[in-house]
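Student: Be aware that the sequence shown starts at 980, since it is given in this note's numbering, and climbs by one per residue. I'd like to ask you about the structure that follows.
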Amino acid sequence: MHIWSRLQQPGRSSRGAQVAAQSPPALAGGGQSLDPATRSPTEGRFGWDFSRIKVHADSQTKPRVQRSGDGNLSRLNEMLDRLDVPEGEVIRLLGELTSTEKQTVLSDVSYRDRMVAALANSEMADAVDALGATLAVKLAWMAAEGTSYDLVKPRIQAAPAVERGAVLGDRVLLASLRDGLWWWDDFAKCMELLGRTAPDVTALIANSEVERVLETAWLKSNPGVRVVPVQKYIHEEGGWIYLNLITNELVFQTKEGGPDSTSLRLPPAVEDSIVVGDFHTHPQLGPDFQRPPSPEDTETGKGNGVPGIIRTEENGQRKYFFYGPPVRTHLAGGKFRGWSYPGESGGVAP
Ligand SMILES: [Zn+2]
């Protein structure tokens, strides 16, 4: 099941792994003077006496850099470095740290990495709560561990709007949240909770990129009045409008052939994106043709659950008609796949 979820998102990479790879390696240090075997040739070569140089040590068995000589932080380090980490005690101790100590822990990725190694998903959620982390840091640490929608949802809901906004603007964090949650729809629900919304039909038609794509489709349709003998192939053109949930940018896919090739069919998959609208042209301008939405357009638009736009012309003027609902209601849910039409329900609520 999980593998299928991954396959739903073509091109998705395991960015959690990359984040881990970018983190500094475990801190190194040493508890003893440099050993004689190391010292002698070195001293001989450079003529210096290294015997007085010592590396800080707070553990004989697991050397590391000593942290600001504090009792609770030392206890925390000891616990995190044990083979069998006492998770409950770690979380309790995190809550007892002073706010300065909490900041020390939160600003040091080695703590995050050791907690990822030691704690389970729900324990990591308790740990970031105990540390009083901002929503961005909570989500980053939980995503690094791997998390679930049930754990993320209440933390997003409890966060101040300014913290939700900060998360929405952090593309790297959003990508790691996507990977940490695993299921695309869980990520889409989180994005809705964070405040991301699909553009409604008014916003779409006011968007210059949408206008440009519609004009391109219009011109490719060879709009006009059919004359015999036929010299210009007048035909419908169409496509899909997607919202990339991470970048908040619109993405387009176009297709020759109008609704038969667009709204009646499965939209192509676009990475990190959901369908928020579709469009086609009505380029037959002769008196025998109707320009408003056909009964099929109206029916299909209702079933697809996203706004539809028709680009046509009346009395020599550009004219738009609309079908379907004015906006995609929810970011999660798809009739066939995560990126597909949400269906008449408008998607799945968070
Ligand atoms: Zn139509």
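Backbone N, C-alpha and C fix where the C-beta goes; we use that ideal spot for every residue, glycine too. Since this is a predicted model, take the numbers as computed values, not measurements.
1. Could you tell me which of P1329, S1200, Q1136 and S1127 sits nearest to S1155, measuring between CA atoms?
2. When burial is assigned at 16 or more other CB atoms within 10 Å of the CB, is R1290 buried or exposed?
3. In the DSSP assignment, what residue or residues form a beta bridge with Q1296?
4. Excluding the 5 residues flanking P1020 on each side, which residues of the same chain have their C-beta closer than 7 Å to its C-beta?
5. Would you call the region 1218 to 1227 in contact with the region 1291 to 1298, where contact means no fewer than 3 C-beta pairs closer than 8 Å?
6. Give a yes or no on whether the C-beta atoms belonging to V1254 and V1285 are separated by under 8 Å.
7. Using DSSP with H/G/I as helix, E/B as strand and the rest coil, what is F1268?
8. Starting from S1252, trace the alpha helix (DSSP H) in both directions and tell me its first and last residue.
9. Does the beta-carbon of P1262, which I'm using as the reference point, lie nearer than 7 Å to any heavy atom of ligand 1?
10. From D1179 to M1103, what distance separates their C-alpha atoms?
11. If we ignore side chains and look at the alpha-carbon of each, how far apart do W1219 and A1185 end up?
12. Can you find at least 3 beta carbon pairs, one from the region 1155 to 1171 and one from the region 1199 to 1217, that sit closer than 8 Å?
13. Output the distance between the C-alpha atoms of S1273 and E1190, rounded to the nearest integer angstrom.
14. Report the residue ranges of all beta strand (DSSP E) runs contained in full by the region 1200 to 1237; include only those spanning at least 3 residues, in chain order.
15. Check this for me: beta carbons of E1066 and A1097, under 8 Å apart or not?
16. Compare the beta carbon distance of F1339 and I1288 with 8 Å and say whether it is the shorter of the two.
17. Report back the beta-carbon spacing between E1216 and T1260 to the nearest angstrom; my notes put them in contact at under 8 Å.
18. With H, G and I counted as helix, E and B as strand and the rest as coil, what does DSSP make of V1327?
19. Please state the DSSP three-state secondary structure of G1287.
20. Report yes if the C-beta of P1274 is less than 7 Å from at least one heavy atom of ligand 1; otherwise report no.
21. Taking 7 Å as the cut-off, is the C-beta of H1214 nearer than that to any heavy atom in ligand 1?
22. Within a Cβ cutoff of 7 Å, which residues of the same chain sit near K1117, ignoring the five residues on either side of it in sequence?
23. Strictly by DSSP, which residues pair up with F1301?
24. Can you tell me whether I1289 sits near ligand 1, meaning its C-beta is under 7 Å from at least one heavy atom of the ligand?
25. Could you check if H1309 belongs to the surroundings of ligand 1, using beta carbon to heavy atom distance under 7 Å?
26. Can you tell which of G1144, G1325, T1079 and D1063 has its C-alpha closest to the C-alpha of G1174?
27. Which residues does DSSP list as the beta-bridge partners of A1311?
Tutor: Quick answer:
1. Here residue 1155 is taken as the residue at index 176 of the sequence shown, counted from 1. Looking at the Cα atoms, S1127 is the closest of the given residues.
2. As a working mapping, residue 1290 is identified with position 311 in the sequence shown. Taking all protein chains in view, the Cβ of R1290 is crowded by 16 or more other Cβ atoms within 10 Å, so the residue is classified as buried.
3. Walking along the sequence shown from the start, residue 1296 turns up at place 317. Q1296 has E1293 as its beta-bridge partners, per DSSP.
4. Mapped onto the sequence shown, residue 1020 falls at position 41. Because P1020 sits at a pLDDT of 41, beneath the cut-off of 50, its placement in the model cannot be relied upon, and the following sentence gives the value as read from the coordinates. None.
5. The region 1291 to 1298 and the region 1218 to 1227 do not touch, with fewer than three beta-carbon pairs separated by less than 8 Å.
6. Position 275 of the sequence shown, counted from the first residue, corresponds to residue 1254. Position 306 of the sequence shown, counted from the first residue, corresponds to residue 1285. Going by C-beta atoms, V1254 is nearer than 8 Å to V1285.
7. Within the sequence shown, numbered from 1, the residue matching residue 1268 stands at position 289. In the structure shown, the three-state DSSP call for F1268 is coil.
8. Within the sequence shown, numbered from 1, the residue matching residue 1252 stands at position 273. Residue range S1252 to T1260 is occupied by the beta strand (DSSP E) that includes S1252, with no alpha helix (DSSP H) assigned at that position.
9. The residue given as residue 1262 occupies position 283 in the sequence shown. It does not: the Cβ of P1262 is nowhere closer than 7 Å to a heavy atom of ligand 1.
10. In the sequence shown, residue 1179 corresponds to position 200, counting from 1. In the sequence shown, residue 1103 corresponds to position 124, counting from 1. So the two alpha carbons sit approximately 38 Å from each other.
11. Translated into the one-based positions of the sequence shown, residue 1219 becomes position 240. Translated into the one-based positions of the sequence shown, residue 1185 becomes position 206. Between W1219 and A1185, the C-alpha separation is close to 16 Å.
12. No, they do not touch.
13. On the sequence shown, position 294 is the one that residue 1273 refers to. On the sequence shown, position 211 is the one that residue 1190 refers to. Straight-line measurement puts the Cα of E1190 at about 22 Å from the Cα of S1273.
14. The DSSP assignment places complete beta strand (DSSP E) segments of no fewer than 3 residues inside the region 1200 to 1237 at 1216 to 1223 and 1229 to 1235, in order along the chain.
15. Here residue 1066 refers to the residue found at position 87 when the sequence shown is read from its first residue. Here residue 1097 refers to the residue found at position 118 when the sequence shown is read from its first residue. Yes. Within cutoff.
16. With the chain running from 980 to 1329 in the structure shown, residue 1339 is simply not present.
17. Taking the sequence shown and counting its residues from 1, the one referred to as residue 1216 is at position 237. Taking the sequence shown and counting its residues from 1, the one referred to as residue 1260 is at position 281. With a Cβ gap of about 5 Å, E1216 and T1260 count as contacting.
18. Counted from its first residue, the sequence shown places residue 1327 at position 348. The answer is strand: DSSP assigns V1327 an E or B state.
19. Position 308 of the sequence shown, counted from the first residue, corresponds to residue 1287. Note: G1287 maps to strand in three-state DSSP.
20. For the purposes of this step, residue 1274 is taken as residue 295 along the sequence shown, with counting starting at 1. Taking non-hydrogen atoms of ligand 1 into account, the C-beta of P1274 is found less than 7 Å away from none of them.
21. Your numbering for residue 1214 matches position 235 in the sequence shown. Because no heavy atom of ligand 1 lies under 7 Å away, the Cβ of H1214 does not count as near it: no.
22. The residue you call residue 1117 lines up with position 138 of the sequence shown. Here the set comprises V1107 and R1134.
23. Along the sequence shown, one-based indexing puts residue 1301 at 322. I1288, per the DSSP bridge assignment.
24. To locate residue 1289, count along the sequence shown from 1; it is residue 310. I1289 Cβ: within cutoff of ligand 1.
25. Within the sequence shown, residue 1309 is the residue found at index 330, counting from 1. No, the Cβ of H1309 stays beyond 7 Å of every heavy atom of ligand 1.
26. Position 195 of the sequence shown, counted from the first residue, corresponds to residue 1174. Residue G1144 is the option with its Cα nearest to G1174.
27. The residue you call residue 1311 lines up with position 332 of the sequence shown. Residue pairing of A1311 in beta bridges, as defined by DSSP: V1327.
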